[in-house]
Each structure stands twice: as structure tokens, then as C-alpha cells.
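Participant: Take a look at the following structure, please.
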Amino acid sequence: MQLTHLNLHDLKPSSVNVRKKDGKAVGDLLPSIRSLGILQPLLVRPNCEGYEIIAGQRRYHALTVLAEDGAIDPVPCIVMDDGDDAKAIEASLAENIARLPMDEIDQYKAFATLAAKGETVADIATRFGVTERLVNQRLAIANIIDPILNAYRRDEIRPDTLRILTMATPRQQKAWWKLHKSEDNNAPLGRALKDWLFGGTHIPVGNALFDIADYTAPIISDLFGEDRYFSDSDLFWQLQSTAVAEAREAFKQDGWTDVVLMEVGNYWPSWDYRNVAKEDGGKVFITCTRDGEVTFHEGYLTAKEADRRDNQAETGDAKTERSELTKAMQTYLGLHRHAVVRTELLSHPDVALRLSVAHMIAGSGLWAVEAEPQRAPSEAIAESVTTAKANEAFAAERQAIWGMLGLGNGDDDDASDNTIVPRRQDYGSRRSPSDIFAALMELDDAAVMRVLTFVMAESLEAHTPMIEALGLQFNTDMRDWWTPDETFFDLLRDKEAINAMVAEVAGETTAKAYVTATAKVQKSIITACLGGIREAQIANWLPRYMLFPAQSYKPHAA
């Protein structure tokens, strides 16, 4: 190399100069060069037209601007040997990295050219005193399709968007570009772009409770940030849910009275909770953000529950646990259980006779005497009970009794709608005792017992311990008469109980995997197993609520 001074018109920009963008942005250089001249020589090499500029392109363009106002002195230059492109690129890049920041595209193309000539990432980083991370960042831009890079050069795309797109596959890049060029330009940006790339919420690896070795799908690294992300959110949530279920069980084994798993995405309003020690009945609350971050809040009660306990301690009132069943669900279960037991009573006239005597002696809430009204709080429950197999059988027997007593044609529609024993609301429709007596006198003993049995069943009160006693006596199996219907699942509310049902129907592994899922999702798993869409772990499943005696799914539930 040699230092010399060359005329401005003998100098031309070189194709190997790595600065492709902002090379003519010289506003900041003009004052200095106008007053002090060129302090750092340009790096050039000879060619057939004179000299080409390897480094110093901005200084050259500043001189051309000043030349418009007058003559320019010869320019100080360092002349390189001719013909070595790799060293020319290296020299240009080394100078420019420390000067006005080149865009990522310039650096990528320069690094890529050197890499194509056999340089490794480590070699390139060592040559220019930069980190391998910076080299990898620039090379990552190679994954971006040309239309996006060109738009970035035109300042149509922000740098942060370009960097996020380095994590996208070529297919995703093409899809994003199509959205970007659409009329409404609805391509996602920023955090929304990350969510879009990862098929939903982008989940950092640091949020995992499970061993990362158990995750078999790809993990995506952000070369421009510190985080890594799970590419398969479904697999993440299966593993994370299992880990949460195991953590919940560990808390229970450790003696906590209750471990409450809150809905995914629910905010933890600390001001609504009070610290309560484990030995004083404090609970563990588990929160989980939509990107999978789990927090265990140990030793808390809701302020409302804590106040209630304080009041109970002052007044001496017994502690009342919240029922796992809503009022509507209790009504649904009670009416279905009643319908089955009273229908099975039809097959036990000897029991009906003795039951009648017991009612005559001790009475009941209905022995005025009235027919059980089977009132339902909603149309859905009413329809479910009315169309149940047990009630259809009961209605058929009512039609037969109606005809036996000569009260009408047993085939009439009214026979299935009206009760033999009047209901409380049936004002003015009471039967004449003498007419009923006369009809009974015409029947043999077996027929009378049949009528007595039906009347007893029709006036059997629902929602009473007697239903439990008769169900045990008859060894009643609800599966013979009832299957879980849509109304049953609609009325299920308690997530812990629902998850226990998932364990019964689909197995413990599935229950753990979906413990953080919504109640709706978990109920859909149960119905899929019952409908044959998924493999069930048990045949002819019956919820514990329909056993005799009825059982709950939560040990402390009321």
C-alpha cells in the first residue's frame, strides 16, 4: 500500500464497498470537511478507469457536493494492490462497522460473501472484532425472502419487524408478505407478529415447569433477543398441565386444605386476598398466564372467606363448605333419581303396600295426598326429565291405570298429562271418592295392588332421604334408565369435580394433561369418550352423583 493524493474525477465508488445504503447521507460530514479537509485518507485500488473506492464512500460523496461550489484539492488516498476482492471487502467492512451504522442487509451480504469464500462465523467475527452473535444475526436475515428485504430497504418495514421475521419459515414469510401487501394491510406487527408466528401466544422456554428434555418439538431462538420459544403450544400445554397437576397434588400431600387452580389468564388481584397460614386453613392458589407462566400463591384466602371465618369464630357457628353442586344441578340429579326409583317401585307392590301404611301413619310432605309435581327450574331440565326413559315408562303405566279406573280412555293424550292423584294446582279436579271406590270394587286384588303401587309411586316425594333408602333397597342401577345428556353437562360447574370425571372416563394421564383447560374443554373430552370419538377407560360410565348412595368428587364438599 502507498499513500498518495489523487484527483477527485479519477475516483469512483467500488462494487465491493459494503455500504449499499445511506452511502450518500453526508450532511453530518460537510461542515468538518469544508473547514478541515479530509483527515482520514480514502482506501482505493487501481482499475481500468482510474481508482475505485474500497472504503470512504461517504467522504467521497461529501467532496462531490463541495466540488459543486468550487475546485477541490487532490484527495489523500491509500492505494491497495489490485485484484484481491476478499481483502477489499474485509477492509471496507472493518472500516464501516465502526462508522455510520450500516443496515443489516449490507452487513449480511458482506458477511455472506466472505462465508462463501470459506470464512467461518468465528473467523468473520475475529477479523472484525465483533461477536459471533452479531454475525449470526446478520446471516439469519438470509432466511427472509427478497420482497421483504427490498421493502425494508425502502423503509416500508420497521427493523423490529424484520428481526422477528428471522424466526419465520419461508412459508410464513410469504403468508406475512401477502397480508402486508393486501388492501387493508393487516399484517401483524410486534408482539402480535410473534403470536402469529407461533400459532397463538408465544411461550418463552423459561416458563416451563417440566423438564425441557420431555419437549420433543423444535425450540425457536430469537437471535435479536434473549428468549427462546416453544414452537408447539399444544405440546407445551400438555406437559405444563401435567406438571401443574403434579404440583397441586404435592401441595395436598404437604397438608394444605385446598389447592385452587384458577382459570388460565385470570389476573391475581392480591388486594382481594388475605394471608392465612396453612395451619389456620390457608389455601394455595395457582395462577397461570396465557403464555404459560405459573405462580403459586401459598397461604391465602379470599377476603370474603376470611371475613366469614372470622365471624364464625366469633359466633361459634360451624364451618360451612361450599357445595360442589349448584342448586340447579342438585335439582336435576334429584328429579332424575326420583323418576327412576318411583318407576322401579312399580315392580314391588309388596313394598308399595308397606310404604303406603308408613305414609298413612307418619305422613310426609305430600301425603295430603298429592301427586309429586316434579317441578323444574328451567325448560332444559324439564325437557330432560320428561323425555327420560323412566318417565316414559311411568307415563305408560299411568295410561293403563287411568283406563282401569274407568276415568277415561287409556289411549287418550290426557291420560299421560294428568296425574291419578290430583296435584296441588289441580283445583276443582278432585275425583269423587265414591266413584273411585266403585271402580276399585270391580277389580281383583292384583289389579288393586297395581293401582295402589302406582298411586304410592306418584305421590313419592322427590329430594328426600326416602329416595336414597329405596334406591339401596332396589339395588337401583341408574345406567338401566339414564345416560348423561347435554343438560347434565351444561349444569356441571366445579372444575375440580369435572377433572376427576375426566380421570374416570379418559384416565389419569389425560386428566393431568388437561387440568389447566377450561371446564368446557374438559367436558368435551368426557362426551367424546362417551360418544366413542376418544378411547374411554371405563364402559357404561356413571357419575358418582347417580350412585346409591350418592357420592361427591371433592372430599370436603358439602
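Here UniProt numbering is used: the first residue of the sequence shown is 1, the next is one more, and so on.
Every residue, glycine too, gets a C-beta built ideally from N, C-alpha and C.
What's the C-alpha gap between Asp72 and Ile38?
Facilitator: The residue asked about is misnamed: residue 72 is Ile in this sequence, not Asp. For Ile72 and Ile38, the distance between alpha carbons rounds to 11 Å.
Participant: Could you give the residue range of the alpha helix (DSSP H) that holds Cys529?
Facilitator: Note, Cys529: alpha helix (DSSP H), 519-530.
Participant: For the beta strand (DSSP E) holding Val505, just list the boundary residues, first then last.
Facilitator: Looking at the DSSP string, Val505 is not in any beta strand (DSSP E); the run it does join, the alpha helix (DSSP H), is 495-506.
Participant: Excluding sequence positions up to five away, which residues of its chain have a Cβ less than 8 Å from the Cβ of Leu440?
Facilitator: Leu405, Val448, Val451.
Participant: Shortest alpha-carbon distance to Ala187 belongs to which of Leu165, Lys12, Gly206, Val205?
Facilitator: Per the Cα distances, Leu165.
Participant: Residues in the same chain with beta-carbon distance under 7 Å from Arg34, minus the five sequence neighbours each way, listed in chain order, please.
Facilitator: Same-chain partners within the cutoff: Leu66.
Participant: May I ask you to list the residues that DSSP assigns as paired with Pro46?
Facilitator: Bridge partners of Pro46: Tyr51.
Participant: Using only CA atoms, which one of Glu458, Pro543, Phe437 lies nearest to Phe489?
Facilitator: Phe489 has its Cα closest to that of Pro543, out of Glu458, Pro543, Phe437.
Participant: Using a threshold of 8 Å, state whether the C-beta atoms of Gln473 and Asn499 are closer than that.
Facilitator: Contact: no.
Participant: Give the range of the alpha helix (DSSP H) segment to which Thr161 is assigned.
Facilitator: Start and end: 159-165.
Participant: Do you know whose CA, among Thr126, Leu407, Gln425, lies nearest Phe437's CA?
Facilitator: Selected option, being the one with the closest Cα: Leu407.
Participant: Looking only at its own chain, which residues have a Cβ that is under 8 Å from the Cβ of Thr216, when we skip the five neighbours before and after it?
Facilitator: Cβ neighbours of Thr216 beyond the five flanking positions: Leu235.
Participant: Ignoring anything shorter than 4 residues, give me the alpha helix (DSSP H) runs that lie fully in the segment 222-246, in order along the chain.
Facilitator: Whole alpha helix (DSSP H) segments, 4+ residues: zero.
Participant: What's the C-alpha gap between Pro373 and Gln312?
Facilitator: Rounded to whole angstroms, Pro373 to Gln312 spans 38 Å at the Cα level.
Participant: By the three-class DSSP mapping on this structure, what secondary structure does His5 have?
Facilitator: Strand.
Participant: Taking contact to mean at least 3 C-beta pairs separated by less than 8 Å, is the segment 47-55 in contact with the segment 8-15?
Facilitator: The answer is yes - the segment 8-15 touches the segment 47-55, with three or more Cβ pairs under 8 Å.
Participant: Go ahead and pull the three-state DSSP assignment for Arg34.
Facilitator: Arg34 falls in the helix class under three-state DSSP.
Participant: Return the first residue and the last residue of the alpha helix (DSSP H) that Glu383 is part of.
Facilitator: Element bounds for Glu383: 379-386.
Participant: Considering Cα atoms alone, identify which of Arg423, Ala116, Phe285, Leu353 is closest to Ala446.
Facilitator: Checking every option, the nearest Cα to that of Ala446 belongs to Leu353.
Participant: Indicate the three-state DSSP secondary structure (helix, strand or coil) for Phe210 in the structure shown.
Facilitator: In this structure, Phe210 counts as coil in the three-state DSSP scheme.
Participant: Can you tell me the Cα-Cα spacing of Ile286 and Lys181, whole angstroms?
Facilitator: Using only the alpha carbons, I get a separation of about 44 Å.
Participant: Using a threshold of 8 Å, state whether the C-beta atoms of Ala519 and Cys529 are closer than that.
Facilitator: Cβ atoms of Ala519 and Cys529: not closer than 8 Å.
Participant: Starting from Glu298, follow the alpha helix (DSSP H) in both directions and report where the run begins and ends.
Facilitator: Segment 294-302 is the beta strand (DSSP E) holding Glu298; no alpha helix (DSSP H) there.
Participant: Under DSSP, the alpha helix (DSSP H) around Thr287 begins and ends at which residues?
Facilitator: Careful: Thr287 lies outside any alpha helix (DSSP H), inside the beta strand (DSSP E) at 283-288.
Participant: So, with DSSP's three-state summary, where would you put Asn136?
Facilitator: If DSSP states are grouped into helix, strand and coil, Asn136 belongs with the helices.
Participant: Just confirm the distance between the C-beta atoms of Gln173 and Ile144, as a whole number of angstroms; I'd bet it's less than 8 Å.
Facilitator: Contact holds; Cβ gap of about 6 Å.
Participant: Using C-beta distances below 7 Å, list every residue in its chain close to Asn207, excluding the 5 sequence neighbours before and after it, in chain order.
Facilitator: Contacts found: Asp291, Gly292, Glu293.
Participant: Which residues in the same chain as Glu458 place their Cβ atom closer than 7 Å to its Cβ, once the five residues preceding and following it in sequence are excluded?
Facilitator: The residues are Ala371, Glu372, Thr419, Ile420, Val421.
Participant: Between Ser231 and Tyr514, is the Cβ-Cβ spacing less than 8 Å?
Facilitator: Their beta carbons are not under 8 Å apart, which means Ser231 does not touch Tyr514 by this criterion.
Participant: Per DSSP, Arg274 is paired with what?
Facilitator: Bridge partners of Arg274: Leu301.
Participant: Do Trp482 and Ala388 have their C-beta atoms closer together than 8 Å?
Facilitator: Closer than 8 Å, so yes.
Participant: Could you check what DSSP says for Val65 in three-state terms: helix, strand or coil?
Facilitator: Here Val65 sits in helix by DSSP.
Participant: Taking Thr4 as the reference, which of Ala62, Glu392, Met80 has the closest Cα?
Facilitator: The shortest C-alpha separation from Thr4 is found at Met80.
Participant: Skipping 5 residues on each side, what residues in its chain have a beta carbon closer than 6 Å to that of Ala86?
Facilitator: Note that Ala86 scores 46 on pLDDT, short of 50, meaning its location in the model is unreliable; the coordinates nonetheless yield the value given after this. Lys117, listed in sequence order.
Participant: Considering only their Cβ atoms, is the gap separating Thr453 from Pro349 smaller than 8 Å?
Facilitator: Yes. Within cutoff.
Participant: Decide if Met360 is buried, meaning its Cβ has at least 16 other Cβ atoms within 10 Å, or exposed.
Facilitator: The predicted position of Met360 is uncertain, since its pLDDT is 46 and thus under 50; no value can be drawn from it.
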